[in-house]
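Take 71 as the starting number for the sequence shown in the numbering used here and just add one per residue.
Yeah, the Cβ is synthetic: ideal placement off N, Cα and C, and Gly gets one too.
What follows is a single structure, written as structure tokens, with notes after it.
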Amino acid sequence: MVVIRLSRVGKKKQAFYRIVVADSRRPVTAKFIEILGWYNPHTKELNIKNEKLETWFDNGAKPSNSVAILLEKNKIKLPTWVKIKQKNKKSKKPEIAEEAKETPAKDEKNESSDEKEKDNSDIEVKEDDTNKPDGAEAPADNN
């Protein structure tokens, strides 16, 4: 099966991609059939030969998901049989809403335990001088 995919070239930390047609069984860095264009992710530039791209689509070459997304962003028409897989991004907002629903139930439990603590705080034992050894006096406040 023939695939249209990105092949990384360029220096370390300066990625640059070629858009190539290659056999799907070969590694990404291996030989390719033809170069269709290039993509610079730093400047978001895309240069592609549309005639050759359409020819390969007519021959049945399937674009990789990343190439299909790039082509779609740059408004290059894709065949109807090309399907782009979208990542499921879970937003944090629903999680916060779910936590907010759960927290009142937890607060009710905490309130009941707080009430118990209040009840217990009313029964505090006060220190008496009777429990102190003979000759020990309470310290005087010098305020």
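Legend entry - Residues sharing a beta bridge with G222, DSSP: Any question about residue 222 goes unanswered here, given that the chain covers just 71 to 213.
Inset, instruction - Mind checking which residues open and close the beta strand (DSSP E) that includes V73? - result: 72-79
Inset, instruction - Whole angstroms is fine: what's the gap from K83's alpha carbon to T99's? - result: Near 17 angstroms, if we compare the C-alpha coordinates of T99 and K83.
Inset, instruction - Would you list the one or two residues that DSSP bridges to L132? - result: Strictly speaking, residue 132 in this sequence is Lys, with Leu absent from that position. Looking at the DSSP output, K132 bridges to V73.
Legend entry - Secondary structure of W151, DSSP reduced to three states: Correct three-state label for W151: coil.
Legend entry - Nearest-angstrom Cα separation, counted from V72 out to R95: When rounded, the separation of the alpha-carbon atoms in R95 and V72 is 9 angstroms.
Inset, instruction - Whole angstroms is fine: what's the gap from W25's alpha carbon to K160's? - result: Shown here, the chain extends from 71 to 213; a query on residue 25 therefore has no answer.
Legend entry - Straight-line Cα distance separating K81 from V152: About 32 angstroms.
Legend entry - Neighbourhood of N120 by C-beta distance below 8 angstroms, restricted to the same chain and skipping five residues each side: I146
Inset, instruction - Under 8 angstroms by Cβ, that's how I've got I74 and S136 pegged, so tell me the actual separation to the nearest angstrom. - result: No, I74 and S136 are not in contact; Cβ-Cβ is about 10 angstroms, not under 8 angstroms.
Inset, instruction - Give a yes or no on whether the C-beta atoms belonging to D93 and I103 are separated by under 9 angstroms. - result: yes
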